[in-house]
Amino acid sequence: MIFEHSVRTPSAQAFVDVTNLVRSSVRQAGIKEGHILVATPHTTAAVTVNENADPDVVHDLLKRFNKVFPEHENFDRHGEGNSHAHMKSSLFGACHPFIVHEGDLLLGTWQGIYLCEFDGPRTRRLIISILARDP
Amino acid sequence: MIFEHSVRTPSAQAFVDVTNLVRSSVRQAGIKEGHILVATPHTTAAVTVNENADPDVVHDLLKRFNKVFPEHENFDRHGEGNSHAHMKSSLFGACHPFIVHEGDLLLGTWQGIYLCEFDGPRTRRLIISILARDP
Amino acid sequence: MIFEHSVRTPSAQAFVDVTNLVRSSVRQAGIKEGHILVATPHTTAAVTVNENADPDVVHDLLKRFNKVFPEHENFDRHGEGNSHAHMKSSLFGACHPFIVHEGDLLLGTWQGIYLCEFDGPRTRRLIISILARDP
C-alpha cells in the first residue's frame, strides 16, 4: 500500500503533472474508499494541486512565485544559494492528502496533481501511501 | 462517511467560516477518534485555518495576500485573468487534514476553518471525508 | 494514539526542530505502517518541513518570509498587531500529514519537522495523532 515512483524534472523550475501516476497507484491498490498521501522526500521540491487544462496557468504561477521569492537575496546566508527553493518547498508543502471515493481519486474537473521542482533538473522520488476506510 | 455541502461565497475574494458545517458532519458520522479531510475541488478556492474571533484578521490576510499576489501582472499569460486566484489556491491548499478526538474536531480556542474564495462570488463544493481509528 | 507535547519557543519568530519528538511518539505508539497528523492548535504558529542540516536555511526562510509579509502594514486593522503572524500560520499550515513506514517516520535525508513560531516567545502545544494501516 506504498508506491514509489521516480520522476525526472525537465528544468530548474517546473511543474510535472503526476495525476495519472497517482491515479494508477490508487487503482493498483484496489481500494474503494480512503485517504492517500502523496509525498516527495526532498526540501527543494513540493506537491501541489492546480489547473492542468491551460499550461499558461503554470507559467504564471512560477513567474509570480519567482517575483515574490527571487533566486537571490542579499541577506541569504545558505551556501548552496537555493534558499528560494527551500522557501517554495515549505510553502507548497512536500506531502499532500487526497480523498479516494468510489475507487478513484476525488478531484475536481480542473484539478491536477503536480510535482513541483524548484532546484532542478533532477530525478525526484514520489511516494504514495494509501489508507483504506473499513468497509 | 463522505459529506458534501454547497457553500455560496459573497464576493470576489472572501473567507467563509465553515467550522460549524465541518463539526456537524463529524458529529453526524458519529466517530470518536480519527482523521478527516476537508476539500474543495476547485482551483481558485482553498481551505485554511485561522482566527475566527476578530473579523479584522481576515481583512488583513486578504489585503496582505493581494498586495503580494495582485490581480494582474504584466507577464500573466492565462486568458481568464485569474492567475492570482490559482496562485492563492495552491498556496493555501485545496484539501486540509484535521484530527477528531473525543467525538469532536480537535481545534484550538481561536482556530476556525475557512473556505477561501479567490474568484467569486460562486457556489463552491465542500467535501468532508472521515476515517475512524479502530477502537 | 494521541500524544501532546509542550514546546517552548525561544524568540518572536523561530523554527524549533521537533523531528525527534514526533519520531519518539511514533515509536511509542508501536505502529508499523500508517499516517500521522502533526498539529499545533494556534493561529500564529505552524508546522512545516525543511532542511535541518544547515541552520542558515531557516535564517534565510524567516528573513524572506518577513520581507514579503512584514510585521506591520498601513492597512492592517487587527488590534493585536500580529496579522503578519496569522498570515504566515495560514500559509505554512497548522496541521501536516506524514507517512509512517516500517515503524518509522518516512522522511527524506534532509527533511526535518519544524514547529514555526511567528508571535513568540511562547509555550506552544504540539499534537500528534496516529492512524495505523490494518495489517
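Protein chains in written order, with the numbering used here: chain A, 1 to 135; chain B, 1 to 135; chain C, 1 to 135. C-beta: ideal position from N, C-alpha, C; glycine also.
Proximal residues of chain A, C-beta to C-beta of PHE3(C) below 7 Å: Taking the third sequence and counting its residues from 1, one reaches residue 3(C) at position 3. Per Cβ cutoff of 7 Å: no residues; PHE3(C) is ~19 Å from chain A at best.
Less than 6 Å between C-beta atoms, sequence neighbours within five positions excluded: which residues of the same chain meet that for LEU37(A)? Residue mapping note: residue 37(A) aligns to position 37 of the first sequence, counting from 1. Counting only Cβ-Cβ distances below 6 Å, and skipping sequence neighbours, we find CYS95, PRO97 and SER129.
I'd like to know whether the C-beta of LEU126(C) is nearer than 8 Å to at least one C-beta of chain A. Numbered from its first residue, the third sequence carries residue 126(C) at position 126. No, LEU126(C) does not count as interfacial toward chain A.
Just list the residues that DSSP pairs GLY112(B) with in beta bridges. Numbered from 1 along the second sequence, position 112 holds the residue referred to as residue 112(B). GLY112(B) is bridged to ASN50(B).
Those runs of the beta strand (DSSP E) which lie wholly inside the region 43-95 of chain C and span at least 3 residues: 45-51
Looking only at its chain, what residues have a beta carbon closer than 8 Å to the beta carbon of LEU106(B), apart from the 5 residues adjacent to it on each side? Taking the second sequence and counting its residues from 1, the one referred to as residue 106(B) is at position 106. Around LEU106(B): PHE98, ILE99 and VAL100.
Cα separation between LEU16(A) and GLY79(C)? One-based indexing of the first sequence puts residue 16(A) at position 16. One-based indexing of the third sequence puts residue 79(C) at position 79. The sequence given here has Val at residue 16(A), not Leu. Answer to the nearest angstrom: the Cα atoms are 43 Å apart.
Taking the C-alpha atoms as reference points, what is the distance between HIS5(B) and LEU62(C)? Here residue 5(B) refers to the residue found at position 5 of the second sequence. Here residue 62(C) refers to the residue found at position 62 of the third sequence. So the alpha carbons of these two residues sit roughly 37 Å apart.
Going by the DSSP bridge assignment, what does ASP134(B) pair with across the sheet? As a first step, residue 134(B) must be located in the second sequence, where it is residue number 134. Its beta-bridge partners do not exist; DSSP assigns none.
Looking at VAL7(A): is its Cβ nearer than 8 Å to the Cβ of VAL18(A)? As a position in the first sequence, residue 7(A) is number 7, starting the count at 1. As a position in the first sequence, residue 18(A) is number 18, starting the count at 1. Result yes, Cβ atoms of VAL7(A) and VAL18(A) sit closer than 8 Å.
Leaving out the 5 sequence neighbours to the left and right, which residues in its chain are closer than 6 Å to HIS84(A) when beta-carbon positions are compared? Indexing the first sequence from 1 puts residue 84(A) at position 84. Answer for HIS84(A): PHE69 and GLU71, listed in chain order.
Go through its chain and collect everything with a Cβ distance to ARG122(A)'s Cβ below 7 Å, but skip five positions before and after it. Counting from 1 along the first sequence, the entry for residue 122(A) is found at position 122. Here the set comprises THR9.
Are the CB atoms of SER25(B) and GLY120(B) within a distance shorter than 8 Å? Here residue 120(B) refers to the residue found at position 120 when the second sequence is read from its first residue. Here residue 25(B) refers to the residue found at position 25 when the second sequence is read from its first residue. For GLY120(B) and SER25(B), no; Cβs fall outside 8 Å.
Taking the Cβ atom as the reference point for each residue, do GLN13(A) and THR43(B) lie within a distance shorter than 8 Å? In the first sequence, the residue the question calls residue 13(A) occupies position 13. In the second sequence, the residue the question calls residue 43(B) occupies position 43. Their beta carbons are not under 8 Å apart, which means GLN13(A) does not touch THR43(B) by this criterion.
Partners in chain C for ARG77(A), counting only beta-carbon separations shorter than 8 Å: Taking the first sequence and counting its residues from 1, one reaches residue 77(A) at position 77. Correct list: ASP56, HIS59 and ASP60.
Taking the C-alpha atoms as reference points, what is the distance between ARG133(A) and PHE3(B)? What you label residue 133(A) is simply residue 133 of the first sequence in a count that begins at 1. What you label residue 3(B) is simply residue 3 of the second sequence in a count that begins at 1. Cα to Cα, the separation comes out at about 15 Å.
Members of the region 88-110 of chain B near chain C, C-beta cut-off 9 Å: LEU91, PHE92, GLY93, HIS96, PRO97, PHE98, ILE99, VAL100, HIS101, LEU106, LEU107, GLY108, THR109 and TRP110
Ends of the alpha helix (DSSP H) at LEU107(A)? Walking along the first sequence from the start, residue 107(A) turns up at place 107. First-last for LEU107(A): undefined, no H or E at that position.
Based on DSSP bridge pairs, tell me the residues matched to VAL22(A). For the purposes of this step, residue 22(A) is taken as residue 22 along the first sequence, with counting starting at 1. According to DSSP, VAL22(A) bridges with nothing at all.
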